[in-house]
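The sequence shown stops at residue 178 when you use my numbering, and every number in between is there. See below for the structure under consideration.
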Amino acid sequence: MSLLDKPGALARVATVLGEAGISINRMRQYRHDENTAPVLIVTHKTTRAALDDAISALPATGVVSGEPVVLRIEQV
Numbered sequence: 103m104s105l106l107d108k109p110g111a112l113a114r115v116a117t118v119l120g121e122a123g124i125s126i127n128r129m130r131q132y133r134h135d136e137n138t139a140p141v142l143i144v145t146h147k148t149t150r151a152a153l154d155d156a157i158s159a160l161p162a163t164g165v166v167s168g169e170p171v172v173l174r175i176e177q178v
């Protein structure tokens, strides 16, 4: 997802995930040159319903720019 580059942005996203019962495995913010920053978040195992709840709550944080992309990671 792309977040506004301002203090507390990652904390707001982490709060939304936590309130949906989703635990973060790892997070990475990539180099950027604009006022938004690309962020990759990998969660621990969760349900699609919890993820949908979190994704729908993200716009209310006021820090998400654009539409988040969700990819499922399977362990083979």
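Yeah, the Cβ is synthetic: ideal placement off N, Cα and C, and Gly gets one too. The structure presented is a predicted model; accordingly, all values stated were derived computationally and were not measured.
| Check | Outcome |
| --- | --- |
| DSSP beta-bridge partners for Thr149? | In the DSSP output, where bridge partners are listed per residue, Thr149 has none listed. |
| Is Arg128 helix, strand or coil when you go by DSSP? | strand |
| Could you tell me whether the segment 151 to 161 touches the segment 127 to 135, where touching means 3 or more Cβ pairs closer than 8 Å? | no |
| Can you tell me where the alpha helix (DSSP H) with Leu112 in it begins and where it stops? | 111 to 121 |
| When you compare each of Glu176, Gly164, Leu105 to Arg133 by their alpha carbons, which one comes out closest? | Leu105 |
| Applying the 10 Å Cβ sphere with the 16-neighbour rule, what's the burial state of Leu142? | exposed |
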